[in-house]
Amino acid sequence: MRVKCRAMVPHWQAVGASCVSLLLMAAPAMAQESAPRPEDSPSGWIFRWINFGIVLAAMVYFFTKVAAPGLRARSAEIGEKIAEGARAREAAERQRREVQEKMAGIDAEVERIRKEAKRDSEAEAVRLRNLARQEAEMIERAAQAEIRAAQKAAQLELKVFAAKLAVDRAERLLAGEITPEAQAYLFHNFVAELDRSAN
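Taking the working numbering, the leading residue of the sequence shown gets 273, the next gets one more, and so forth.
In structure tokens, the structure reads:
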């Protein structure tokens with residue numbers, strides 16, 4: 273409503289300026305008459321002012337009834353455009369605030385993502401270190417088991433080798449100490465032992 277009043281004020285100023293200019297144009301015409309005439313009498317002045325009032329009323333009527341609707345329509349159009357401009361300005365201001373909030377949020381979001389990435393990379397490094405340590409422990413246990421198995425196999429092989437050497441040495445000793453007579457004696461004793469156990 274305030275916009276309409278502001279838009280209409282210049283038009284009323286134009287009407288007032290037109291009236292003042294008419295008065296100023298009429299003043300020289302009145303000043304040129306030097307001889308007293310009936311129009312210069314007080315009743316002539318009254319009629320002149322009445323005439324001026326009628327002309328002024330006609331002009332005011334013309335501006336209020338004929339020109340005013342057009343002026344009001346133009347004023348309403350201007351008011352609508354001003355309101356539309358104000359809405360557009362508010363929308364632009366709102367968008368600007370949203371963009372600023374997003375820009376402020378972007379810095380915080382980038383910092384959050386950076387911290388999260390650092391935290392994730394540290395967690396991943398810890399996980400990989402733990403996994404590597406577990407794998408190293410597994411490899412070490414497997415290597416120790418292989419070493420123990422190799423030791424047992426070597427000990428077993430050593431025992432077999434020692435037994436074979438002992439048997440070979442015993443054979444050589446027995447072969448050197450047993451004579452044919454001793455062999456015959458051992459054989460007869462063995463056979464007699466079998467007969468006794470059979471009975």
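Heads up, the beta-carbon is just placed ideally off N, CA and C, and yes, glycines get one too.
How many angstroms separate the CA atom of residue i from the CA atom of residue j?
{"i": "V398", "j": "E383", "result": "22 Å"}
{"i": "I326", "j": "G288", "result": "15 Å"}
{"i": "Q372", "j": "I354", "result": "26 Å"}
{"i": "D440", "j": "F433", "result": "10 Å"}
{"i": "D379", "j": "A404", "result": "37 Å"}
{"i": "A421", "j": "N402", "result": "28 Å"}
{"i": "D392", "j": "E381", "result": "16 Å"}
{"i": "R366", "j": "A348", "result": "26 Å"}
{"i": "H460", "j": "E453", "result": "11 Å"}
{"i": "E418", "j": "I385", "result": "48 Å"}
{"i": "T431", "j": "Q416", "result": "Note that residue 431 is Lys in the sequence shown here, rather than Thr. Between K431 and Q416, the C-alpha separation is close to 22 Å."}
{"i": "L328", "j": "W321", "result": "10 Å"}
{"i": "K390", "j": "I411", "result": "31 Å"}
{"i": "A414", "j": "Q406", "result": "12 Å"}
{"i": "M375", "j": "A363", "result": "18 Å"}
{"i": "E388", "j": "E396", "result": "12 Å"}
{"i": "R444", "j": "F462", "result": "22 Å"}
{"i": "F324", "j": "E356", "result": "43 Å"}
{"i": "G377", "j": "E409", "result": "47 Å"}
{"i": "P488", "j": "R369", "result": "In the structure as shown, the chain starts at 273 and stops at 471, and residue 488 therefore has no counterpart that could be examined."}
{"i": "E465", "j": "Q455", "result": "15 Å"}
{"i": "L226", "j": "D467", "result": "Here the chain comprises residues numbered 273 to 471, so residue 226 is not present and cannot be evaluated."}
{"i": "E352", "j": "V338", "result": "22 Å"}
{"i": "A425", "j": "L400", "result": "37 Å"}
{"i": "S469", "j": "A447", "result": "28 Å"}
{"i": "I350", "j": "R361", "result": "16 Å"}
Tell whether a beta-carbon distance below 9 Å holds between residue i and residue j.
{"i": "R458", "j": "I450", "result": "Per the sequence presented here, residue 458 reads as Leu, with Arg not at that position. Yes, the Cβ-Cβ distance between L458 and I450 is below 9 Å."}
{"i": "L343", "j": "F334", "result": "no"}
{"i": "S290", "j": "M331", "result": "yes"}
If you measure from the beta carbon of residue i to each beta carbon in chain B, is any gap under 9 Å?
{"i": "A442", "result": "Considering every chain present, this structure includes no chain B. It has just one protein chain."}
### Query
Which runs of the alpha helix (DSSP H) fall wholly inside the stretch 301 to 388 and span at least 4 residues, in chain order?
For the stretch 301 to 388, whole alpha helix (DSSP H) runs of length 4 or above, ordered along the chain, are 314 to 333.
### Task
Tell me the start and end of each unbroken beta strand (DSSP E) in the stretch 380 to 466 that is at least 3 residues and wholly inside, in chain order.
Secondary structure remark: continuous beta strand (DSSP E) runs of at least 3 residues inside the stretch 380 to 466: none found.
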